[in-house]
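> I have a structure here, written as structure tokens, and I will follow up with some questions on it.
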Amino acid sequence: MTTYFKNIYTALYTLFVGMKITFKHLFVPSVTIQYPEVKLPMADRIRNRLYVNMDDCIGCDQCARACPVSCISIETVKSMPTEDLGKTSQGKKKALWVTKFDIDIAKCCFCQLCVFPCPTECIYMTDAYEFSEFERSGLNYSFVTLNADEIAEKKSNFAKMEAEKAAAKAAPKPPKAEEPASKPAGDA
Amino acid sequence: MIYDFLLQLTGNAAISSLINSIIPLTFIIPFALFAVYLERKVSAHMQDRLGPMRVGWHGWLQSFADILKLLQKEDIVTADADKKLFNFAPVLVFAGSYAAFAAIPFSSAYIGTNLDLGLLYIVAVTSLVVAGILMAGWGSNNKYSLLGAVRSAAQIVSYEIPTTLVIVTVIVMTGTLNLHKLSTDQTSSFYNWLIFGGYAAGWHKFALIPSMFVGFLVIFISTLAEVNRTPFDIPEAESELVAGYHTEYSGMKFAMFFLAEYANMFAVSAIVATIFFGGFQSPFGYLGNTLGISWLRPIEEFFWFASKGIFFVFVQMWLRWTLPRLRVDQLMAMCWKYLIPIAVVNLIIVALIMVL
Amino acid sequence: MTYYTVSFYLFAAIILLSAYFVVTTKNVIYAAFNLLLTFFGVAGFYALLGADFIAIVQLIVYVGGILILLLFGVMLTNKITDTEIKTGAFQVLPASIIVGMFSGVLIASMTNNRWIVSANTPVAADTLRTIGNILMNQYILIFEVLGVLLLIALIGAASIARK
């Protein structure tokens, strides 16, 4: 009999304790973040979308080679001796025209391995994480600063130079005929 | 009375009865929309969330968006379902819960029918809901639905007993089952509400107060169980039975079950409010009386009635987010071992006090 | 035709049709739910006759209690709907004789009885109070004996269930 009344007492008592707690929580400020309007600040070393600062890029191709999933593809063209490509922010002299610098972020595994080898620290991960696209091709980012005409021009310049060199090599002939002509083109 | 007014206006008893019977619907549907929103907001804030925030200011149009979505949904009837019963069950469930509104006085100017046996009538027509739930469970031809329906019916049938016992206690005290008379008797101030001993004179009034609190607790718990709300929601237990008897329903049929559930919630809250908390009576007095505007008073009464009802609906939601679900054996033990003996003892005490 | 007659014939139609289906249908569940309609129609009749208390008790006891128990029994019995229910005609001749005699008695009593037709007798304003007074004063002994009988039935059921 005592347990019976004790049960009733416990039931009512605990009920009111519980109701007090839930009523308090009715007025506790909510922890929900209204996402598109309010965003949490990201950590400094967050690894999200890649960005390339083309002003500093010297086209060394080291990031592309480091990438385990081959999501970076780079093409470069040698500059003419007369052209001045300027310097990077760290004072390194640029010598190559970068005619293609594509990052397929759909393939990217966010390992950050491309960031470490970069000699000029021009490729890095930003905190941008909202880059969904309707087409998969939209995730292929191109960072090249030159436009299509300029690229064609640089390429034709280089081809001309090569042709001139080859012609210059071919014309005198006597000194060394057995030198292979294809060697300078091997760095593309 | 609105009925007399309608009779004067149209001059036809059938038309005015029809309009008179549709009036509660114009309250229930907006109430259900509001209650769905309230439920989501209350549950969210009790869990330190925000709830719906996108549709309209603080998501107040969310229920309308939900209704639009439900209207567009395909009406799925499973291949092996018993189609006649499956299609008829939501109608029966809603008819049962809507019929209860016929005897509920919304204000001194509106009551569906001024039945002498209003309270008993409400207990009786609620049994149609049980039949509808069993019909839904069987018609779905789904073991979860059937289990939910059987559990629901067992629960409602058991918990009708403490409800009826408390109602008998009220008869012993007031000598009437007419909800309109019950409300008009508890007049003038909250001191005359039945929970504070009603309008009994002398020491009877103070002797009745503890019994009235006990009766209020018993009827609140048992009606909570009758409408299948948490902590008594084992018929719908999401973690065990998917959704209980309305597992297989979609679209507007599902919406009808939902509407019936919220109508039921308000009906039982209104009954508790009418029995113990003065029904449509204001706790202080009426602005219409002080200003001398006679038509203001029924509107004020409706306001007090609706706020009392919505307050108890809020308490039901509050309990939902406080307590975990009971087991079936705990549920039955609660009813047969605790509520019924307490209600019987309470009835005897009240009867003794009234005789002395 | 007054609304009263319209509702009378409506309830009569409900009772007759549903009772017919209860007898003829081969699906036990359909029979049970048609029985619900029959009870409901009978309750409507009581209400039309001004016996509101009886109407409500009809709903509480038959719809809320007995019918629900019946449905429970049907639903918890394994595969009751799959069993063959024999509704063929057996013993047509003796059955029709007995039914004919019984209906003859019924019709005779219906036509010969002097029914008290009193449409304008005022219905008791407070049926509940009247019934309570009658039960507690005039028929107190019968009422108590019935209570004891029900208690015995309850105890008996409990003791059988415990074995």
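Protein chains in written order, with my numbering: chain A, 1 to 188; chain B, 1001 to 1356; chain C, 2001 to 2163. Virtual Cβ for every residue (Gly too), placed ideally from N, Cα, C. Just so it is clear, the structure is predicted and the values come from calculations on it, not from any experiment.
#1: In angstroms with no decimal places, state the Cα-to-Cα distance between R1320(B) and F110(A).
#2: Three-state secondary structure (DSSP) at S1063(B)?
#3: Determine the direct distance from the alpha carbon of L2149(C) to that of A2157(C), and round the result to whole angstroms.
#4: Listed from N- to C-terminal order along the chain, which residues in the segment 1143–1171 of chain B have their beta-carbon within a distance smaller than 9 Å of any beta-carbon of chain C?
#5: When burial is assigned at 16 or more other CB atoms within 10 Å of the CB, is D1233(B) buried or exposed?
#6: Specify, as a first and last residue, the run of the beta strand (DSSP E) that K100(A) falls within.
#7: Below 7 Å, is the gap between the Cβ of A2108(C) and the nearest heavy atom of the ligand NAP?
#8: Which residues in the same chain have their Cβ closer than 7 Å to the Cβ of A188(A), if we skip the five residues on either side of it in sequence?
#9: Compare the C-alpha of I1364(B) against each of V1214(B), G1285(B) and R1297(B) and name the closest.
#10: Buried or exposed: where does Y2020(C) fall if 16 or more other Cβ atoms within 10 Å of its Cβ makes it buried?
#11: Assuming S1250(B) contacts E1039(B) (C-beta within less than 8 Å), just tell me the rounded distance between them.
#12: Between G186(A) and the rest of its own chain, which residues show a CB-CB distance below 7 Å, the 5 nearest in sequence each way excluded?
#13: Apply the 10 Å Cβ neighbour rule to A2153(C) and answer buried if 16 or more other Cβ atoms are within range, or exposed otherwise.
#14: Please report the Cβ distance between I2029(C) and V2063(C), rounded to the nearest whole angstrom; I am assuming they are in contact, meaning their Cβ atoms lie under 8 Å.
#15: With distances taken from CA atoms, which of A163(A), V144(A) and K165(A) is nearest I58(A)?
#16: Within 10 Å of its beta-carbon, does G1118(B) have 16 or more other beta-carbons around it, so buried, or fewer, so exposed?
#17: Report the neighbours of T2127(C) on chain B: residues whose CB is nearer than 9 Å to its CB, in chain order.
#18: Label K1270(B) either buried or exposed according to how many other C-beta atoms from any shown protein chain fall within 10 Å of its C-beta, with 16 as the threshold for buried.
#19: So what does M125(A) bridge to, in DSSP terms?
#20: Contact criterion: CB-CB distance below 8 Å. Does R1049(B) meet it with respect to chain A?
#21: Determine the burial state of G1112(B): buried for a count of at least 16 other Cβ atoms within 10 Å of its Cβ, exposed for fewer.
#22: Tell me the DSSP secondary structure of N1141(B) in three-state form.
#23: Once DSSP output is grouped into helix, strand and coil, what is the label at K87(A)?
#24: CA-CA distance, N1085(B) and G1139(B)?
#25: Return helix, strand or coil for P1105(B), following the three-state DSSP convention.
#26: Taking the alpha-carbon positions, what's the R1151(B) to S1239(B) distance?
#27: Whose Cβ in chain B lies nearer than 8 Å to the Cβ of M2101(C)?
#28: Shorter than 8 Å from the beta carbon of F2033(C) to some beta carbon of chain B?
#29: Could you name the residues of chain B that F110(A) contacts, counting a contact when the two beta carbons are closer than 8 Å?
#30: By the criterion of Cβ-Cβ separation under 8 Å, what are the contact partners of M1135(B) in chain C?
#31: In the DSSP assignment, what are the bridge partners of S73(A)?
#32: Starting from N140(A), follow the alpha helix (DSSP H) in both directions and report where the run begins and ends.
#33: By alpha-carbon positions, which one of I103(A), E133(A), C114(A) and K154(A) ends up nearest to I81(A)?
#34: Alpha carbon to alpha carbon, what distance is there between T2005(C) and Y1191(B)?
#35: Let's see if you can read the secondary structure: which residues bound the alpha helix (DSSP H) around F2053(C)?
#36: Excluding five sequence neighbours on each side, which residues of the same chain lie with their C-beta closer than 6 Å to the C-beta of Y1110(B)?
Reading off the structure:
#1: 45 Å
#2: helix
#3: 12 Å
#4: L1146, A1149, V1150, A1153, A1154, I1156, V1157, E1160, T1164 and I1171
#5: buried
#6: L96 to D104
#7: Among the components modelled here there is no ligand, and therefore nothing to report on the ligand NAP.
#8: Caution is warranted here: a pLDDT of 42 is assigned to A188(A), below 50, making its placement in the model unreliable, and no coordinate value can be reported.
#9: Beyond the ends of chain B as shown, which are 1001 and 1356, falls residue 1364(B); an answer cannot be given.
#10: exposed
#11: Not confirmed; about 20 Å, so no contact.
#12: Note on G186(A): pLDDT 43, under 50, position unreliable in the model; the coordinate value appears next. Hits under 7 Å: none found.
#13: exposed
#14: The pair is not a contact, with the Cβ atoms about 16 Å apart (cut-off 8 Å).
#15: V144(A)
#16: buried
#17: D1116 and L1117
#18: One point to set straight first is that residue 1270(B) is Ala, not Lys, in the sequence displayed. A1270(B) should be labelled buried.
#19: L50(A)
#20: yes
#21: buried
#22: coil
#23: strand
#24: A small fix is needed here, since residue 1085(B) is Leu in this sequence, not Asn. Rounded to whole angstroms, L1085(B) to G1139(B) spans 5 Å at the Cα level.
#25: strand
#26: 15 Å
#27: Going along chain B, no residue has its Cβ under 8 Å from M2101(C), so there is no contact; the nearest lies around 36 Å.
#28: yes
#29: None at all; the shortest Cβ gap to chain B is about 30 Å.
#30: F2033
#31: D102(A)
#32: That residue, N140(A), is in no alpha helix (DSSP H); its beta strand (DSSP E) goes N140 to S142.
#33: For the record, residue 81(A) in the displayed sequence is Pro; it is not Ile. Among I103(A), E133(A), C114(A) and K154(A), the Cα nearest to that of P81(A) is on K154(A).
#34: 47 Å
#35: D2052 to Q2058
#36: I1002
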